[in-house]
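Participant:
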Amino acid sequence: MDASAGGGGNSLPTTGADGSKRRVCYFYDAEVGNYYYGQGHPMKPHRIRMTHALLGRYGLLDQMQVLRPHPARDRDLCRFHADDYVAFLRSVTPETQQDQIRALKRFNVGEDCPVFDGLYSFCQTYAGGSVGGAVKLNHGHDIAINWAGGLHHAKKCEASGFCYVNDIVLAILELLKYHQRVLYVDIDIHHGDGVEEAFYTTDRVMTVSFHKFGDYFPGTGDIRDVGHSKGKYYSLNVPLDDGIDDESYQSLFKPIMGKVMEVFNPGAVVLQCGADSLSGDRLGCFNLSIKGHAECVRFMRSFNVPLLLLGGGGYTIRNVARCWCYETGVALGHELTDKMPPNEYYEYFGPDYTLHVAPSNMENKNTRHQLDDIKSKLLDNLSKLRHAPSVQFQERPPEAELPEQDEDKENPDERRDADSDVEMNDAKPLDDYGRRGSIQNLRMKKESAETEAVDQDVNSAAAEHSRGTGPVADGVGSSKQTFPNDTTPMSIDEPNVLKVEQQSPNKLQDQPTMHQKP
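Now the structure itself:
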């Protein structure tokens, strides 16, 4: 079977040829929907609560292990983010921000990434869910889901694009403790710049981003940006134009990802399912249906590799909830009925009250010639990789100490994974209710034209870690175990790597605002 031709693209059954039912866990905190970016802001955590309500009404919560994430601690966040940045996020409040003008500017917080009540708790919650999902995958689960995560723009020392903490990078670091190679795939309409930047010089993480490119936030993601040093050709960028539909999208996604899985052979996959690539998104310009978007989940699931599903963008919240509900069903192997069951937010889904919505008749500006050219260039880049890079082994870092609360268990004293350092505490059933978020239309600041050049590679980062100077999380003590070296990503002391190979045409210009439609 030729993986590059899309073989492996048919979703495996829940049971059958693969011999077992998928073990799926799902992270949700009932408080997440109460966080509020501010009046008029397009990012609305309330969409997570709406998704959760649909999952309950479709009966999907009964098919998964439902967990309340334990908040990530300072030292967990500092495995990637700078200490002073984390300290700032922890201390700043709406009442005190006017006293910290210089810090607000330094960390790009205050306008597009506003200070709001509970900001740090929000970051701890969504990051805790993603890292907790990685821990679950490391200990036997097949699929872990955290729709509150996927905030892919956050950088080591600054917020960006409504993202403060990069939960994806933290989750990948956790997966690298057990897996030699981790694949990151991003189907958000915006380029996954923060994750790509963090792993730009390592061959242990491959990043693949499908995104709108050209006069669009964040302005990065040129097809010529391929990685640097040991990471050369381990960053893949798929630049797309307005109006791409299901057929055109899958004509790229399946052959490219099939070849990636063949050549890179990852031990785990992280899929960022940003829903702003759906038709009708108020900030987006693609024309994907929910089924077309979910086909990416179905395809990656078919490889039967541990899979972490995360949220991301998505600003027409009724469609975000529809999409992530349907994709949860795909993860579980359940096809959901189109007629939506009554639920707490039923009025959002009128007048049709269906799970699926028809794409529009907007023009597809992606010509067949352009798509074939993109596919040819990327498959050529993949042909330059040596298959499945190997790594040496050394002592594994301790587990992330992120206990999560499980509503499926009744006795907290019995709830311990014998193979994990993570303790899990009992929790009451999760609440679906909370106040609505609201919509915003804020300007995105331009990306900084200057990034810090970094000469350290993966081995130097590992050396820093061995000397105790790298910002690796302080976890609970672990037994002597082996793990692949270079577990910290590229140069973890300086992860915001300058892309020295080929600068994208837009990189040194003023970047478009995130909220603008082309």
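Counting in the numbering used here, the sequence shown runs from 5 upward without gaps. Backbone N, C-alpha and C fix where the C-beta goes; we use that ideal spot for every residue, glycine too. Values in this document were obtained by computation on a predicted structure and should not be read as measured data.
Please say whether Leu-141 and Ala-152 have beta carbons closer to each other than 8 Å?
Facilitator: Not in contact: Ala-152 and Leu-141 (Cβ atoms no closer than 8 Å).
Participant: What three-state label does DSSP hand Asp-285 in the structure shown?
Facilitator: Looking at Asp-285 - three-state DSSP - the assignment turns out to be coil, as it is neither helix nor strand.
Participant: Compare the Cα-Cα distances from Asn-241 to each of Phe-217, Asp-342, Asn-347 and report the closest residue.
Facilitator: Considering only alpha carbons, the answer is Phe-217.
Participant: Cα separation between Lys-369 and Pro-259?
Facilitator: Using only the alpha carbons, I get a separation of about 21 Å.
Participant: Per DSSP, Asp-190 forms a beta bridge with which residues?
Facilitator: Asp-190 pairs with Ser-213, Gln-276.
Participant: Could you tell me which whole alpha helix (DSSP H) segments of length 4 or greater appear in the segment 42 to 99?
Facilitator: Segments of the alpha helix (DSSP H) lying fully in the segment 42 to 99: 50 to 61, 78 to 81, 87 to 95.
Participant: Should the segment 337 to 344 be called in touch with the segment 211 to 230, which here means at least 3 C-beta pairs below 8 Å?
Facilitator: With a cut-off of 8 Å, the segment 211 to 230 and the segment 337 to 344 do not count as touching, because too few Cβ pairs lie within range.
Participant: Which one of Leu-314, Thr-320, Pro-346, Arg-322 has the shortest CA to CA distance from Ala-335?
Facilitator: Of the candidates Leu-314, Thr-320, Pro-346, Arg-322, the one whose C-alpha sits nearest the C-alpha of Ala-335 is Leu-314.
Participant: Might you give, ordered along the chain, the residues of its own chain that have their beta carbon closer than 6 Å to the beta carbon of Tyr-238, omitting 5 neighbours on each side?
Facilitator: So the list reads Asp-207, Met-210, Gly-231, once near-sequence residues are dropped.
Participant: Secondary structure at Phe-31, three-state DSSP: helix, strand or coil?
Facilitator: The answer is strand: DSSP assigns Phe-31 an E or B state.
Participant: If you check the beta carbons only, do Val-135 and Gly-271 fall under 8 Å apart?
Facilitator: Against a cut-off of 8 Å, the Cβ pair of Gly-271 and Val-135 comes out as no contact.
Participant: Can you give me the start and stop residues for the beta strand (DSSP E) that Val-242 sits inside?
Facilitator: Its beta strand (DSSP E) spans residues 239 to 244.
Participant: Leaving out five residues on either side along the sequence, give the residues of the same chain with a beta carbon under 6 Å from the beta carbon of Met-366.
Facilitator: Within the same chain, Met-366 has close Cβ partners Gly-247, Asn-291.
Participant: When the Cα atoms are used, what is the spatial distance from Gly-438 to Leu-177?
Facilitator: Interpretation of Gly-438 is limited by its pLDDT of 32, a score under 50 that renders its predicted location unreliable; the figure taken from the coordinates is listed afterwards. Answer to the nearest angstrom: the Cα atoms are 33 Å apart.
Participant: Relative to the alpha-carbon of Gly-144, which residue among Val-28, Lys-388, Tyr-319 has its alpha-carbon at the smallest distance?
Facilitator: Nearest C-alpha to Gly-144: Val-28.
Participant: Determine the burial state of Gln-276: buried for a count of at least 16 other Cβ atoms within 10 Å of its Cβ, exposed for fewer.
Facilitator: Result: buried.
Participant: Round the Cβ separation of Pro-345 and Tyr-32 to the nearest angstrom and send it over; I've been treating them as touching at under 8 Å.
Facilitator: With a Cβ gap of about 19 Å, Pro-345 and Tyr-32 do not count as contacting.
Participant: Would a C-beta distance cut-off of 8 Å place Asn-308 and Ala-279 closer than the cut-off?
Facilitator: Contact: no.
Participant: Give a yes or no on contact between the segment 48 to 66 and the segment 323 to 333, applying the rule of three or more CB pairs nearer than 8 Å.
Facilitator: Yes, they touch.
Participant: How do the segment 51 to 60 and the segment 168 to 183 stand: do at least 3 beta-carbon pairs fall below 8 Å, yes or no?
Facilitator: Touching, no, given that fewer than three Cβ pairs across the two stretches are closer than 8 Å.
Participant: According to DSSP, is Ala-148 part of a helix, a strand, or is it coil?
Facilitator: Strand, per DSSP.
Participant: Lys-343 by DSSP, collapsed to three states: which one?
Facilitator: Three-state result, Lys-343: strand.
Participant: The beta strand (DSSP E) with Tyr-375 in it runs from where to where?
Facilitator: A quick correction: the sequence has Leu, not Tyr, at residue 375. Segment 372 to 387 is the alpha helix (DSSP H) holding Leu-375; no beta strand (DSSP E) there.
Participant: Run the CB neighbour count on Ser-252, radius 10 Å, all protein chains shown included, and call it buried at 16 or more, exposed below.
Facilitator: The residue in question, Ser-252, is buried, as its Cβ has 16 or more Cβ neighbours within 10 Å.
Participant: With 16 other CB atoms within 10 Å as the buried threshold, where does Lys-503 fall?
Facilitator: Bear in mind that the predicted position of Lys-503 carries a pLDDT of just 35, short of 50, making it unreliable; the figure below should be weighed with that in mind. Label assigned to Lys-503: buried.
Participant: Is it the case that the segment 118 to 128 contacts the segment 85 to 105, given that we only count it when at least three CB pairs across the two stretches are under 8 Å?
Facilitator: Yes: the two stretches touch, three or more of their Cβ pairs being nearer than 8 Å.
Participant: Between the Cα of Phe-268 and those of Lys-159, Arg-26, Val-189, spot the shortest distance and give me the residue it belongs to.
Facilitator: Of the listed residues, the one whose Cα sits closest to Phe-268 is Val-189.
Participant: Taking the alpha-carbon of Asn-170 as reference, which of Val-90, Tyr-30, Ile-191 has the nearest alpha-carbon?
Facilitator: When each option's Cα is compared against that of Asn-170, the closest is Val-90.
Participant: How many whole angstroms separate the CB atoms of Pro-363 and Asp-249, which I take to be in contact at a CB cut-off of 8 Å?
Facilitator: With 8 Å as the limit, Pro-363 and Asp-249 qualify as a contact, their Cβ atoms being about 6 Å apart.
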